[in-house]
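For the sequence shown, the numbering used here assigns the number 240 to the initial residue and increments by one for each residue that follows.
Take a look at the structure set out below.
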Amino acid sequence: MASIYEKYGLKQVINASGRMTILGVSTPTASVAAAVENGLSHYFEMKDLVNKTGEHIANLLQVESAAVVSCASAGIAQAVAAVIVKDDAWLLENLHASPLIVPHDIVLPKGHNVNYGAPVGSMVALGGGRVVEAGYSNECSAAQLAAAITPQTAAVMYVKSHHCVQKSHLSVAQAAKVAHEHGLPLIVDAAAEEDLQAYYLAGADLVIYSGAKAIEGPSSGVVIGRQRYIEWVKLQANGIGRAMKVGKEGILGLTQAIEDYLIHEQSSGAQMVDKMMPFINQLNGLPGVSARVVWDSAGRDIARAEIRFDEAACGIGAGSVVQALKTGDIAIYFRGYKANEGIIEADVRSVSADQLQLIFEAIQRLLTGVETA
């Protein structure tokens, strides 16, 4: 029987870039796959399914309320729409029909207005909001965040991501304090974050996670937070949320994935270091290449292999290495955010020891034309 790659003429992929949307994010466990299959095989009253699984997730995470959505981006859009529309039945159906006269500005630090694969501002606009930047790209204090708030502000937003500027920015708890002092909710986009309770406990009113990244569920997302705001998010199923609805299989798959995530021990950064050291040692034997362990810039317990290419010594730049390896017979993907500095990173969470050997041999072949025996 032909493999899925053979059937559709697809390229095989080695994912050394991490939990990335462009590669299908993650590979859920058998228990999650079984929950998805169970969902596909049965009928439900969808509102009842959303409510009951939301209650279950809220109990697991010890938060007031929760709702499964189709992805983290949908969570942003629906959270923004929720704080603008609230429970206004007319506005729910006419959010984009005319210029909004209700508060609809979403204030966020300038260094958080990023493109994570799509612009944060596009998701805010889908929800009827308008981004207002606070502070500067390299700093945002509590005072600078507060200074951007006006009577037209509907919420404060905070993006917790490695894409964002990390230095000289206020914390989630400080942002929550500013928002609440002005009678506003705080929305936190924590799509790829691993701690499912920290930002809620820090004072956020709505926190959005990807279901398929750290949690390793199917393509989905979850919004957790205060009861009133989650109820408004769920109302968006009859508004903009209709275009981004999540299926029954996604709801049940993610609910199971969250259960599993809370029970199973996650790989530690130290374990990642142990896994990558033979690979790093091999790379350091190549001409013009130096490799070392680096840690996640956003503070997560994730270790990666940083690979630096001296173009003068090895004859090829990091950007060319990234492009050559992703276009090979087997597509090898790295984290290429610093390729302009001659650096790429390998995330080993989704890579086996055998695949790390294949990656080394591909780099060796590219640089020297020699393959290990």
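The beta-carbon is built from N, C-alpha and C at its ideal position, and this holds for glycine as well.
Computed from a predicted model, the values in this text were never measured in an experiment.
- With respect to E550, I582 sits apart: the two C-beta atoms are not nearer than 8 Å.
- Here the alpha carbon of A297 sits roughly 11 Å from the alpha carbon of I497.
- Put simply, of G368, I426, V461 the residue whose alpha carbon is nearest the alpha carbon of C310 is V461.
- According to the DSSP assignment, T566 belongs to no alpha helix (DSSP H), since it is labelled neither H nor E.
- Around the beta-carbon of R481, fewer than 16 other beta-carbon atoms lie within 10 Å, marking it exposed.
- Under the criterion of beta carbons closer than 8 Å, D513 and R543 do not qualify as touching, at roughly 14 Å.
- Three or more Cβ pairs closer than 8 Å define a contact, and the region 312 to 323 meets that threshold against the region 358 to 374.
- DSSP, reduced to helix, strand and coil, places D287 within a helical segment of the structure shown.
- Within the same chain, A542, V587 come within 6 Å of M511 by CB-CB distance, once the 5 residues on both sides are set aside.
- For E545, the enclosing beta strand (DSSP E) covers residues 542 to 548.
- In the structure shown, H408 falls within a strand segment according to DSSP collapsed to helix, strand and coil.
- Beyond the five residues adjoining it in sequence on each side, A570 comes within less than 8 Å, by CB distance, of K250, Q251, V252, I253, L564 in the same chain, given in chain order.
- In the displayed model, C403 falls within coil according to three-state DSSP, outside both helix and strand.
- Look at R258 here: in three-state DSSP terms it is coil, with no helix or strand label.
- Judged by beta-carbon spacing, F548 lies within the 8 Å limit of G527, meaning their Cβ atoms are closer than that value.
- Per the Cβ contact rule, the region 262 to 276 is in contact with the region 472 to 492 (3 or more Cβ pairs under 8 Å).
- Shown here for A552: same chain residues with a beta carbon closer than 7 Å to its own, the five before and five after excluded, namely P526, G527 in chain order.
- In the DSSP assignment, R467 falls within the unbroken alpha helix (DSSP H) covering 466 to 474.
- If you draw a straight line from the Cα of I243 to the Cα of L501, it is about 32 Å long.
- In this structure, L474 sits away from L279, with a CB-CB distance that is not shorter than 8 Å.
- Shown here for G257: same chain residues with a beta carbon closer than 6 Å to its own, the five before and five after excluded, namely D586 in chain order.
- DSSP, read as helix, strand or coil, puts T392 in strand.
- Annotation for L300: L435, Q436, I463 place their beta carbon closer than 7 Å to its own, counting only its chain and skipping 5 residues before and after.
- At a Cβ-Cβ threshold of 8 Å, A431 and S449 count as neighbours.
- Annotated as distal: A385 and P342, with beta-carbon spacing of 8 Å or more.
- When beta bridges are read from the DSSP output, D344 appears opposite R369, T392.
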